[in-house]
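Colleague: Next up is a structure, given as structure tokens.
Protein chains: 2
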Amino acid sequence: MFSVKSVVIIGSGNVATHLGTAFLKKGIDIKGVFSTTLDHAQELAEKLKTKAFASITDIPKDADAYLLAISDWALSETVRQLPSVDGIVMHTSGSIGLGIFSGTIKRAAVFYPLQTFSKNKQVDLSLVPILIESDDTEIVESLKELGNKFSEHIKEVDSHQRKQLHLAAVFACNFSNYMYYIAQDLLQEKGLDFNLIKPLIKETAKKLDTLSPRAAQTGPAIRRDMKTLNRHLERLNKHPEYQEIYHLISEQIQNLKD
Amino acid sequence: MFSVKSVVIIGSGNVATHLGTAFLKKGIDIKGVFSTTLDHAQELAEKLKTKAFASITDIPKDADAYLLAISDWALSETVRQLPSVDGIVMHTSGSIGLGIFSGTIKRAAVFYPLQTFSKNKQVDLSLVPILIESDDTEIVESLKELGNKFSEHIKEVDSHQRKQLHLAAVFACNFSNYMYYIAQDLLQEKGLDFNLIKPLIKETAKKLDTLSPRAAQTGPAIRRDMKTLNRHLERLNKHPEYQEIYHLISEQIQNLKD
Chain A
32 MFSVKSVVII
42 GSGNVATHLG
52 TAFLKKGIDI
62 KGVFSTTLDH
72 AQELAEKLKT
82 KAFASITDIP
92 KDADAYLLAI
102 SDWALSETVR
112 QLPSVDGIVM
122 HTSGSIGLGI
132 FSGTIKRAAV
142 FYPLQTFSKN
152 KQVDLSLVPI
162 LIESDDTEIV
172 ESLKELGNKF
182 SEHIKEVDSH
192 QRKQLHLAAV
202 FACNFSNYMY
212 YIAQDLLQEK
222 GLDFNLIKPL
232 IKETAKKLDT
242 LSPRAAQTGP
252 AIRRDMKTLN
262 RHLERLNKHP
272 EYQEIYHLIS
282 EQIQNLKD
Chain B
32 MFSVKSVVII
42 GSGNVATHLG
52 TAFLKKGIDI
62 KGVFSTTLDH
72 AQELAEKLKT
82 KAFASITDIP
92 KDADAYLLAI
102 SDWALSETVR
112 QLPSVDGIVM
122 HTSGSIGLGI
132 FSGTIKRAAV
142 FYPLQTFSKN
152 KQVDLSLVPI
162 LIESDDTEIV
172 ESLKELGNKF
182 SEHIKEVDSH
192 QRKQLHLAAV
202 FACNFSNYMY
212 YIAQDLLQEK
222 GLDFNLIKPL
232 IKETAKKLDT
242 LSPRAAQTGP
252 AIRRDMKTLN
262 RHLERLNKHP
272 EYQEIYHLIS
282 EQIQNLKD
């Protein structure tokens, strides 16, 4: 099996930073960083103790792998501009297939970390599932080995499955976080500390260790407590947008089957 | 200050069970359990090493406090039926004021644990905020002492604040849990293991230790990534109800101010 020992990082955002840092820690040779914004490339290169490149044509051509940790919309143009290389070229997107590489990239793959990365927030990557895809089984094995260096959850999934995981993640992560946002906004309005509700938020996530979401569902909607539902809707009368969410989700929870 | 040393539990659901167990552990004398369903009362009484009562008129009249851990809709009728007692009578509801006791109860209070309780799921009560209310400052002090026996987060709040906290909790807990439910449903559909997404769910909650929900918001909506949003909506075409949620929440996230 071919081992990935060196990587060039394309991109300088949260995914590039977290994965680049993980690679470096595990002894992977980071051969350089390219980003369309040179300042950002330099900042990340400094963190990763490597060089920044101002032009994508200047990046080292002899790396074992090229990590394209950039926005979905920038992928196809970046693939077009990428110099011809023999190493594995892998993107980190949940919602883009292998087709984006077709024709131009010899050894194409996906290396998708199923996690929410924010700036200045450390993440324990050992718990982060890394979802791998390639048409070439040898590449899959090489990337499994690379992922295994820092994560305990490496899994090969096809594009359809990865896209479904990404969609599910939007609900489980992005939309949950927006529920936290609304909660904070409502508390702030009455001079209440958001910290009061954090134990509840953590317990809600932790419950899934022992209960299914269906079994863990509590609250006025699942109890069909119409009095409380109506009182809450009334209480939200200055927030028509929250009212709409409250109404829609409560209705769906009420319709859950036992 | 008057110390609560004995309690009668009215109710046999999740809140009655968790609080009753916490009281017992801390050496409170549980004088009995009443529930409209005698079987349930007996089951909880056994757990709490005490007696079950088949009729509310039979409960001991000399307890220091009476915990009414019952559904909101049952409260006013139960208060009406409660024998005349000198002890503190307290309900555990997030959305009901003190008014429900007016006229009939001498020493009325609220003892509201801000948490999601499910059957057969242990909860670390030391982290659970207990929100206390009473018109009588001596009762507030007594209940603070009682709550402090097992929780590190005791807080006096008025009815308006408690109702707002309860409303915020519906978003932060009940609605987040429904987002987990949708994620599981979507994964199941493609034969994917819900465990894959649990690290992401936990990290999403954990992020709030260091970031505000606004700063923690990630995903296609906050990036205004219309291509992915449209692809996701299309992918949900067999689930019009999830599509509606996706559309509504994504729209609101896109409108978030920086």
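In the order they appear, the protein sequences are chains A and B.
If you use our numbering, the first sequence corresponds to residues 32 to 289, in order.
If you use our numbering, the second sequence corresponds to residues 32 to 289, in order.
C-beta atoms are modelled at their ideal positions from N, C-alpha and C, and glycine is treated no differently.
Return the residues of the stretch 230 to 251 of chain B that lie within a Cβ-Cβ distance of less than 9 Å from chain A, sorted by chain order.
Modeller: P230, L231, I232, K233, E234, T235, A236, K237, K238, L239, D240, T241, L242, S243, P244, R245, A246, A247, Q248, T249, G250, P251
Colleague: Measure the CB-CB distance between A/G51 and A/L98 and report whether it falls below 9 Å.
Modeller: yes
Colleague: Entirely within the stretch 190 to 233 of chain B and at least 4 residues each: give me those alpha helix (DSSP H) ranges in chain order.
Modeller: 190 to 200, 207 to 220
Colleague: Per DSSP, what kind of secondary structure is A/S107 in: helix, strand or coil?
Modeller: helix
Colleague: Can you pull the chain B neighbours of A/P160, defined as C-beta to C-beta under 7 Å?
Modeller: L227, P230
Colleague: Could you name the residues of chain A that B/T259 contacts, counting a contact when the two beta carbons are closer than 7 Å?
Modeller: Chain A residues near B/T259: D103, S126.
Colleague: Return the chain-ordered list of same chain residues with a C-beta closer than 8 Å to the C-beta of A/E265, the five sequence neighbours on each side being excluded.
Modeller: Closer than 8 Å at the Cβ level, and outside the excluded window around A/E265, lies no residue.
Colleague: Count the C-beta pairs between the stretch 182 to 189 of chain A and the stretch 112 to 122 of chain B that are closer than 8 Å, then say yes if the count reaches three, no if not.
Modeller: no
Colleague: Go through its chain and collect everything with a Cβ distance to A/M32's Cβ below 8 Å, but skip five positions before and after it.
Modeller: So the list reads E169, E172, S173, E176, once near-sequence residues are dropped.
Colleague: Does the beta carbon of A/R111 sit closer than 9 Å to a beta carbon anywhere in chain B?
Modeller: no
Colleague: Compile a chain-ordered list of the residues in the stretch 205 to 217 of chain B whose CB is closer than 7 Å to at least one CB of chain A.
Modeller: N205, F206, S207, N208, Y209, M210, Y211, Y212, I213, A214, Q215, L217
Colleague: Classify A/G130 as helix, strand or coil using the three-state DSSP reduction.
Modeller: Residue state, collapsed to three classes: helix.
Colleague: Tell me, to the nearest whole angstrom, how far the beta carbon of B/T81 is from that of B/P114; I am working on the premise that it is less than 8 Å.
Modeller: With a Cβ gap of about 18 Å, B/T81 and B/P114 do not count as contacting.
Colleague: Given this structure, state the Cα-to-Cα distance separating B/R245 from B/I232, to the nearest angstrom.
Modeller: Those two C-alpha atoms are separated by around 17 Å.
Colleague: Out of A/I41, A/F148, A/L223, point me to the one whose CA is closest to A/I61's CA.
Modeller: A/I41
Colleague: Of all the CB atoms in chain A, is at least one closer than 9 Å to the CB of B/L174?
Modeller: no
Colleague: Under DSSP, the beta strand (DSSP E) around B/D60 begins and ends at which residues?
Modeller: Boundaries of the beta strand (DSSP E) harbouring B/D60: 60 to 65, taken from the DSSP string.
Colleague: Mind checking which residues open and close the beta strand (DSSP E) that includes A/V38?
Modeller: 37 to 41
Colleague: Give the range of the alpha helix (DSSP H) segment to which A/A246 is assigned.
Modeller: 244 to 247
Colleague: In the DSSP assignment, find the unbroken beta strand (DSSP E) run with A/H122 in it and report its ends.
Modeller: Run containing A/H122: 119 to 122, per the beta strand (DSSP E) assignment.
Colleague: If you reduce the DSSP assignment to three classes, tell me which class A/A47 lands in.
Modeller: helix
Colleague: Assign B/L156 to one of three DSSP states: helix, strand, or coil.
Modeller: Here DSSP, grouped into helix, strand and coil, assigns B/L156 to helix.
Colleague: Could you check whether the Cβ of B/H184 sits closer than 9 Å to any Cβ belonging to chain A?
Modeller: Taking Cβ atoms only, chain A reaches closer than 9 Å to B/H184, which makes this a yes.
Colleague: Among all the DSSP beta bridges, which residues are the ones paired with B/A83?
Modeller: B/V64.
Colleague: Please report the residue range of the beta strand (DSSP E) in which B/L98 lies.
Modeller: For B/L98, the enclosing beta strand (DSSP E) stretches over residues 96 to 99.
Colleague: Flag this pair as touching only if the stretch 150 to 158 of chain B and the stretch 123 to 139 of chain B have three or more C-beta atom pairs under 8 Å; answer yes or no.
Modeller: no
Colleague: Going by DSSP, name the residue or residues bridged to A/L301.
Modeller: Any property of residue 301 of chain A remains undetermined from this structure, which presents chain A solely from 32 to 289.
Colleague: Using a C-beta to C-beta distance shorter than 8 Å, which residues of chain A count as neighbours of B/A76?
Modeller: Simply none; closest approach about 24 Å.
Colleague: Out of curiosity, what's the CA-to-CA distance linking B/K269 and B/E220?
Modeller: Taken atom to atom, the span from the alpha-carbon of B/K269 to that of B/E220 is near 11 Å.
Colleague: Roughly how many angstroms lie between the CA atoms of A/N294 and A/S66, to the nearest whole one?
Modeller: Past the edges of chain A, shown from 32 to 289, lies residue 294 of chain A, and the structure says nothing about it.
Colleague: Any residues in the stretch 144 to 155 of chain B with a beta carbon nearer than 9 Å to a beta carbon of chain A? Which ones, in chain order?
Modeller: L145, Q146, T147, F148, S149, K150, N151, K152, Q153, V154, D155
Colleague: Rounded to whole angstroms, what's the CA-CA distance from B/D289 to A/I101? Just pull it up for me.
Modeller: 21 Å
Colleague: Check B/E187 in the structure and name its three-state DSSP category.
Modeller: Looking at B/E187 - three-state DSSP - the assignment turns out to be strand.
Colleague: Taking contact to mean at least 3 C-beta pairs separated by less than 8 Å, is the stretch 270 to 285 of chain B in contact with the stretch 242 to 258 of chain A?
Modeller: no
Colleague: Out of A/A94, A/M210, A/E234, state which residue places its alpha-carbon closest to the alpha-carbon of A/K36.
Modeller: A/A94
Colleague: When you compare only the Cα positions, how much space is there between A/I290 and B/Q73?
Modeller: In the structure as shown, chain A starts at 32 and stops at 289, and residue 290 of chain A therefore has no counterpart that could be examined.
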